[in-house]
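Here is the structure we will look at, set down as structure tokens.
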Amino acid sequence: MALLIWQEDLDTGIEIIDGQHRRIVEMINQLHVTQKSMERFAVAEVIDELVDYTLSHFAFEEELMEEAGYPFSAAHKRVHEVFTKRVSEYRMRFEAGEDIVDDLRGMLSRWLFNHIRNDDKAYADSVKRHLNRFVREHQQGGWLGRTVKRLFR
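Residue 86 in full-length UniProt numbering sits at position 86 of the sequence shown, with consecutive numbering throughout.
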């Protein structure tokens, strides 16, 4: 399996989310590079970092959807939960000594790109409207307004 390449159709238009998604793609690619080293400890570290980062990304994304009043945020959260359980099973299999890295990378790349193109794109307009409204309401708010404006344009 080749390294993943970010494609423009994966952009949601929410800069911070797109940056997090790109970071996850980098970690999946790092998993490939580390796997070539044949060092199980290094592979385990990448898997752990990937899982931890993805969980924090999910929490951030879910909070944005809730704040924006996205009507399908509960369903989106359930999709995240099912995915998290699936990745945890891969992690346990790896810890038990099974060579799952190719399968994990394949599943991660297919799932991530499909999830971004469908589920994440579905909430993007709601979240962008919410963030734009928030920025407009807080533009006079000093550093907070300027920071939010800079991060979420």
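For every residue, glycine included, the Cβ atom is placed at its ideal position computed from N, Cα and C.
Run the CB neighbour count on residue i, radius 10 Å, all protein chains shown included, and call it buried at 16 or more, exposed below.
i      : result
Glu49  : exposed
Gln7   : exposed
Ile5   : exposed
Asp9   : exposed
Ser37  : exposed
Leu112 : buried
Leu108 : buried
Val25  : buried
Met27  : buried
Using the three-state DSSP reduction, which class does residue i fall into: helix, strand or coil?
i      : result
Trp111 : helix
Ile116 : helix
Gly13  : coil
Met38  : coil
Ile5   : coil
Phe72  : coil
Gly97  : coil
Suppose the cutoff is 7 Å on Cβ atoms and the five residues either side in sequence are ignored; what does the same chain contact list for residue i look like?
i     : result
Val87 : Val51
Closer than 6 Å by C-beta to residue i: which residues in its own chain qualify, once you throw out the five before and the five after it? Chain order, please.
i      : result
Tyr123 : Met65, Tyr70
Ser126 : Ala68, Tyr70
Arg23  : none
Arg57  : Checking the sequence shown, residue 57 turns out to be His, not Arg. These residues qualify, in order along the chain: Gln20.
Phe60  : none
Answer yes or no: the CB of residue i versus the heavy atoms of the ligand GTP, is any distance below 7 Å?
i     : result
Tyr53 : Only the bare structure without any ligand can be found here, which leaves the ligand GTP out of the picture.
Below 8 Å CB to CB, which residues in the same chain sit around residue i once its five sequence neighbours on both sides are set aside?
i      : result
Ile116 : Leu10, Thr12, His21
Val119 : Strictly speaking, residue 119 in this sequence is Asp, with Val absent from that position. Same-chain partners within the cutoff: His76, Val79.
Ser73  : Glu62, Met65, Glu66, Tyr123
*Evaluate the contact criterion for the stretch 6-20 versus the stretch 82-99: three or more CB pairs, one atom per stretch, below 8 Å.*
They do not touch, by the three-pair rule.
*Between the stretch 66-79 and the stretch 25-40, do three or more beta carbon pairs fall short of 8 Å?*
Judged by Cβ distances under 8 Å, the stretch 66-79 makes no contact with the stretch 25-40, as fewer than three pairs qualify.
*asked:* Check whether the stretch 102-115 and the stretch 126-133 are in contact - that is, three or more C-beta pairs closer than 8 Å.
replied: No: the two stretches stay apart, fewer than three of their Cβ pairs being nearer than 8 Å.
*Would you check if there are 3 or more beta carbon pairs closer than 8 Å linking the stretch 38-46 to the stretch 74-89?*
Taking 8 Å as the limit for Cβ pairs, the verdict is that the stretch 74-89 does not touch the stretch 38-46.
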